[in-house]
Amino acid sequence: MQRTLIIVKPDGVQRGLIGEIVGRFERRGLQIIGIKMMRISHALAQEHYVMHQGKPFYEGLIRFMTGGPVVVLALQGNNAIDVSRKMMGATFGFKAEPGTIRGDFGLSSSFNLIHGSD
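Using my numbering, you'd call the opening residue of the sequence shown number 29 and step up by one each time.
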(Lines of atoms letter the chains of each structure in order from A and count residues from 1; the text may use other names and numbers.)
(Lines give C-alpha, C1' and ligand atoms only; values in the text may rest on other atoms or scores of the structure.)
Protein backbone atom coordinates (compact mmCIF):
# COMPACT_ATOMS: atom_id res chain seq x y z
CA MET A 1 0.00 0.00 0.00
CA GLN A 2 1.46 3.36 -1.08
CA ARG A 3 0.52 6.97 -0.56
CA THR A 4 1.06 9.86 -2.95
CA LEU A 5 0.31 13.56 -3.13
CA ILE A 6 -1.57 15.04 -6.08
CA ILE A 7 -2.17 18.73 -6.74
CA VAL A 8 -4.90 19.84 -9.13
CA LYS A 9 -3.32 23.05 -10.38
CA PRO A 10 -5.12 26.39 -10.77
CA ASP A 11 -5.99 25.70 -14.43
CA GLY A 12 -7.74 22.45 -13.48
CA VAL A 13 -9.68 24.17 -10.70
CA GLN A 14 -10.61 27.15 -12.91
CA ARG A 15 -11.82 24.87 -15.72
CA GLY A 16 -14.06 22.88 -13.35
CA LEU A 17 -12.18 19.60 -13.73
CA ILE A 18 -11.85 18.68 -10.04
CA GLY A 19 -14.70 16.17 -10.08
CA GLU A 20 -13.51 14.51 -13.29
CA ILE A 21 -9.94 14.20 -12.02
CA VAL A 22 -10.92 12.92 -8.56
CA GLY A 23 -13.39 10.49 -10.13
CA ARG A 24 -10.73 9.01 -12.37
CA PHE A 25 -8.49 8.27 -9.40
CA GLU A 26 -11.36 6.71 -7.46
CA ARG A 27 -12.43 4.57 -10.42
CA ARG A 28 -8.89 3.18 -10.59
CA GLY A 29 -9.19 2.04 -6.98
CA LEU A 30 -7.18 4.79 -5.31
CA GLN A 31 -8.63 5.93 -2.01
CA ILE A 32 -8.75 9.61 -1.08
CA ILE A 33 -7.39 9.86 2.45
CA GLY A 34 -7.15 13.66 2.45
CA ILE A 35 -8.40 16.53 0.34
CA LYS A 36 -8.07 20.28 0.73
CA MET A 37 -8.70 23.33 -1.43
CA MET A 38 -6.19 26.08 -0.74
CA ARG A 39 -4.14 28.89 -2.19
CA ILE A 40 -0.43 28.18 -2.31
CA SER A 41 1.70 30.93 -0.80
CA HIS A 42 4.66 32.36 -2.70
CA ALA A 43 7.04 30.86 -0.12
CA LEU A 44 5.48 27.38 -0.36
CA ALA A 45 5.59 27.45 -4.17
CA GLN A 46 9.26 28.44 -4.08
CA GLU A 47 10.00 25.61 -1.64
CA HIS A 48 8.04 23.06 -3.66
CA TYR A 49 9.68 24.00 -6.98
CA VAL A 50 13.20 24.74 -5.68
CA MET A 51 14.62 22.25 -8.21
CA HIS A 52 13.55 24.61 -11.01
CA GLN A 53 15.04 27.76 -9.49
CA GLY A 54 17.19 29.59 -12.05
CA LYS A 55 15.43 28.02 -15.05
CA PRO A 56 13.77 30.37 -17.56
CA PHE A 57 10.24 29.24 -16.67
CA TYR A 58 10.66 29.40 -12.86
CA GLU A 59 9.09 32.82 -12.18
CA GLY A 60 6.14 32.07 -14.46
CA LEU A 61 5.61 28.74 -12.72
CA ILE A 62 5.55 30.42 -9.30
CA ARG A 63 3.07 33.07 -10.55
CA PHE A 64 0.88 30.37 -12.06
CA MET A 65 0.83 28.17 -8.96
CA THR A 66 0.04 31.10 -6.65
CA GLY A 67 -2.47 32.70 -9.01
CA GLY A 68 -5.54 30.73 -7.95
CA PRO A 69 -6.79 27.95 -5.71
CA VAL A 70 -5.50 24.39 -5.99
CA VAL A 71 -6.87 21.11 -4.68
CA VAL A 72 -4.41 18.94 -2.78
CA LEU A 73 -5.19 15.22 -2.60
CA ALA A 74 -3.57 12.48 -0.56
CA LEU A 75 -4.21 9.17 -2.30
CA GLN A 76 -3.61 5.65 -1.07
CA GLY A 77 -3.67 2.33 -2.86
CA ASN A 78 -1.67 -0.51 -4.34
CA ASN A 79 1.14 1.01 -6.41
CA ALA A 80 -0.45 4.45 -5.94
CA ILE A 81 2.61 6.30 -7.27
CA ASP A 82 2.91 4.33 -10.52
CA VAL A 83 -0.85 4.18 -11.05
CA SER A 84 -1.33 7.92 -10.56
CA ARG A 85 1.69 8.79 -12.75
CA LYS A 86 0.35 6.67 -15.61
CA MET A 87 -3.09 8.22 -15.18
CA MET A 88 -1.67 11.76 -15.33
CA GLY A 89 0.28 11.17 -18.54
CA ALA A 90 3.41 12.89 -19.81
CA THR A 91 4.29 16.24 -18.23
CA PHE A 92 3.96 18.02 -21.55
CA GLY A 93 0.33 17.73 -22.60
CA PHE A 94 1.16 17.42 -26.30
CA LYS A 95 3.14 14.24 -25.48
CA ALA A 96 0.48 12.75 -23.19
CA GLU A 97 -1.49 9.79 -24.50
CA PRO A 98 -5.26 10.05 -24.99
CA GLY A 99 -7.01 8.54 -22.00
CA THR A 100 -4.65 10.20 -19.53
CA ILE A 101 -5.66 13.32 -17.59
CA ARG A 102 -3.16 15.54 -19.40
CA GLY A 103 -3.82 13.88 -22.75
CA ASP A 104 -7.55 14.46 -22.46
CA PHE A 105 -7.60 17.90 -20.83
CA GLY A 106 -4.11 19.49 -20.98
CA LEU A 107 -3.85 22.64 -23.06
CA SER A 108 -0.09 23.20 -23.06
CA SER A 109 3.12 22.30 -21.26
CA SER A 110 2.52 25.21 -18.88
CA PHE A 111 -1.13 24.47 -18.20
CA ASN A 112 -0.93 20.75 -17.57
CA LEU A 113 -3.59 20.54 -14.83
CA ILE A 114 -1.93 18.33 -12.28
CA HIS A 115 1.18 17.60 -10.24
CA GLY A 116 2.06 14.25 -8.72
CA SER A 117 4.79 13.54 -6.20
CA ASP A 118 7.03 10.49 -6.19
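Quick reminder that beta carbons are idealized off the backbone N, C-alpha and C, glycines included.
All values derive from a computational prediction rather than experimental measurement.
Roughly how many angstroms lie between the CA atoms of residue i and residue j, to the nearest whole one?
i, j, result
"residue 92", "residue 103", "24 Å"
"residue 114", "residue 136", "18 Å"
"residue 52", "residue 120", "20 Å"
"residue 49", "residue 129", "7 Å"
"residue 47", "residue 75", "28 Å"
Taking 8 Å as the cut-off, decide whether the C-beta atoms of residue i and residue j are in contact.
i, j, result
"residue 30", "residue 108", "yes"
"residue 142", "residue 40", "yes"
"residue 117", "residue 105", "no"
Enumerate in chain order the residues of its own chain whose CB-to-CB distance from residue i is below 8 Å, with the five nearest sequence positions on each side excluded.
i, result
"residue 88", "138"
Residue range of the alpha helix (DSSP H) that residue i falls in?
i, result
"residue 109", "108-116"
"residue 70", "70-76"
Determine, using beta carbons only, whether residue i comes closer than 8 Å to chain D.
i, result
"residue 58", "This model lacks chain D altogether; it includes just one protein chain."
Apart from the five residues just before and just after residue i, which ones in its own chain have a Cβ nearer than 6 Å to its Cβ?
i, result
"residue 67", "97"
Near residue i, which residues of its chain fall below 7 Å by C-beta distance, leaving aside the five closest residues on each side in sequence?
i, result
"residue 32", "103, 108, 109, 112, 144 and 145"
Could you check whether the stretch 94-103 touches the stretch 55-73, counting it as contact only if at least three pairs of C-beta atoms, one from each stretch, sit closer than 8 Å? Cβ pair count under 8 Å is three or more, so yes.
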